[in-house]
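Notes to accompany the following structure.
There are 2 protein chains.
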Amino acid sequence: MKKQILVDMDGVLADFYTQFLKKESEQSGTLIELSTLSGKPESEAFPNFNSIIRSEGFFRTAPLIEGSVEGLNYLNDKYKVLIVSSATEFPNSLKEKLDWLAEFFPFISWKQVVLCGNKDCVRGDIMIDDHPKNLDFFEGDKIIFSQPHNIFIKNDDYIRVNNWNQITDIL
Amino acid sequence: MKKQILVDMDGVLADFYTQFLKKESEQSGTLIELSTLSGKPESEAFPNFNSIIRSEGFFRTAPLIEGSVEGLNYLNDKYKVLIVSSATEFPNSLKEKLDWLAEFFPFISWKQVVLCGNKDCVRGDIMIDDHPKNLDFFEGDKIIFSQPHNIFIKNDDYIRVNNWNQITDIL
Chain A
272 MKKQILVDMD GVLADFYTQF LKKESEQSGT LIELSTLSGK PESEAFPNFN
322 SIIRSEGFFR TAPLIEGSVE GLNYLNDKYK VLIVSSATEF PNSLKEKLDW
372 LAEFFPFISW KQVVLCGNKD CVRGDIMIDD HPKNLDFFEG DKIIFSQPHN
422 IFIKNDDYIR VNNWNQITDI L
Chain B
272 MKKQILVDMD GVLADFYTQF LKKESEQSGT LIELSTLSGK PESEAFPNFN
322 SIIRSEGFFR TAPLIEGSVE GLNYLNDKYK VLIVSSATEF PNSLKEKLDW
372 LAEFFPFISW KQVVLCGNKD CVRGDIMIDD HPKNLDFFEG DKIIFSQPHN
422 IFIKNDDYIR VNNWNQITDI L
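Chains A and B, in that order, give the protein sequences.
Sequential numbering of the first sequence, starting at 272, is according to the numbering used here.
Sequential numbering of the second sequence, starting at 272, is according to the numbering used here.
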């Protein structure tokens, strides 16, 4: 039987930081250097976090993380993939996330998507996520996808990957 | 530690049949008698199932099942409640479902909501659902909420309840 692998969206499939830097610049004219954000929580990294994340189109127009389409396609053949995204805090994001997945990952069915508040109720064998708050409640193998907010976190429970090539190398 | 209880929306909190009978009558003029639907799958019970379920407002304006607000409030004090709804097949339903919950069940937080394709990945101790396809993949106690489509199903694995009073009596 195929192992079940839970794959996060924001920060793993969708390039959350690039989208935030672009929207922050459009909304407030502030140009933020990505290199200054290491170790900062996302909600502190962007001055207009709360309004930008709720703005129409934010999730629908997010750019892809490099290699995510090919990487997820590979995983989808080998594992039982579930896309698990924290989304119910932002009701407008729900349809945008599904439409975005349908556009860029047409091989992922609606049956493979879980939009939730907390991820601790979702069962699986492997989780790929950029947030320790999700990984820490997971009982299987924990793969942390490097993003500026998590870059200084050291935890022997996690396997750290910096890109999709590293994911397909180990899985 | 509180037990985790998974509560379905359509057919347990929302009166799916009453809403369908109303919409079928509005859309096609067909008056269907509820008593003629026993044992029929929902998709066969209503001639315009596919268009009605996708129509704007269908989930947002669904009536409540009697006793569901008081009953869920009771469960929410005693258990860790998660609302788990099959929803990703119908992208327009997602926000409607959250808005509907926020209106009628304001004591339920967005953190307690799971909108998914299949429910077999969601962990819990007790599940209340009207669909065997969901209950059969659940590892905990299975409570089937009577609805016309499931009324003839006999399965010793299920505890059958006909209304919310029976739920609060046994839980």
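All residues carry an ideal CB built from backbone N, CA and C; glycine is no exception.
So is residue i in contact with chain A if we call contact Cβ pairs under 9 angstroms?
i, result
"G395 (chain B)", "yes"
"D370 (chain B)", "yes"
"S314 (chain B)", "no"
"L353 (chain B)", "yes"
Using the beta-carbon count (16 or more within 10 Å), is residue i buried or exposed?
i, result
"N321 (chain B)", "exposed"
"P419 (chain B)", "buried"
"D400 (chain B)", "buried"
"G328 (chain A)", "exposed"
"K294 (chain B)", "buried"
"D279 (chain B)", "buried"
"N433 (chain A)", "exposed"
"F287 (chain B)", "buried"
"N421 (chain A)", "buried"
How about residue i: is its C-beta nearer than 9 angstroms to some C-beta of chain B?
i, result
"E360 (chain A)", "yes"
"N319 (chain A)", "no"
"S326 (chain A)", "no"
"Q275 (chain A)", "yes"
Would you mind telling me which residues of chain A sit closer than 8 angstroms to residue i, beta carbon to beta carbon, in chain order?
i, result
"N363 (chain B)", "K366"
"S380 (chain B)", "G388"
Got a sec? Which residues, its chain only, sit under 6 angstroms from residue i by beta carbon, not counting five neighbours each side?
i, result
"Y350 (chain A)", "K273, K274 and I276"
"P310 (chain B)", "According to the sequence displayed, residue 310 (chain B) carries Gly and not Pro. Contacts found: F423."
"K390 (chain B)", "V355 and N405"
"V384 (chain B)", "I354"
"F409 (chain A)", "M398"
"E367 (chain B)", "F330 and R331"
"A333 (chain B)", "A285 and Q290"
"D428 (chain A)", "K413"
"D281 (chain A)", "F287"
"F214 (chain B)", "This structure cannot speak to residue 214 (chain B), because chain B is shown only from 272 to 442."
Name the residue from the options whose alpha carbon lies nearest to the alpha carbon of residue i.
i, options, result
"V355 (chain A)", "A:L369, A:N421 and A:D348", "A:L369"
"A285 (chain A)", "A:F423, A:G338 and A:F409", "A:G338"
"C387 (chain B)", "B:T307, B:T359 and B:A316", "B:T359"
"P377 (chain A)", "A:S306, A:S296 and A:N347", "A:N347"
Whose Cβ in chain B lies nearer than 7 angstroms to the Cβ of residue i?
i, result
"V385 (chain A)", "V385, C387 and C392"
Residues in the same chain with beta-carbon distance under 8 angstroms from residue i, minus the five sequence neighbours each way, listed in chain order, please.
i, result
"V283 (chain B)", "I336, S339, I399, D400, D401 and F416"
"I430 (chain B)", "D412, K413, I414, I415 and I441"
"S380 (chain B)", "none"
Excluding the five sequence neighbours on either side, which residues of its own chain have a C-beta within less than 7 angstroms of the C-beta of residue i, listed in chain order?
i, result
"R325 (chain A)", "F361 and N363"
"S314 (chain A)", "F320"
"N436 (chain B)", "G338"
"S357 (chain A)", "C387, G388 and K390"
"T439 (chain A)", "G342 and Y345"
"Q298 (chain B)", "N319 and I323"
Cβ-heavy atom distance between residue i and the ligand MN below 8 angstroms?
i, result
"M272 (chain A)", "With respect to the ligand MN, the structure shown offers nothing to examine, as it has no ligands at all."
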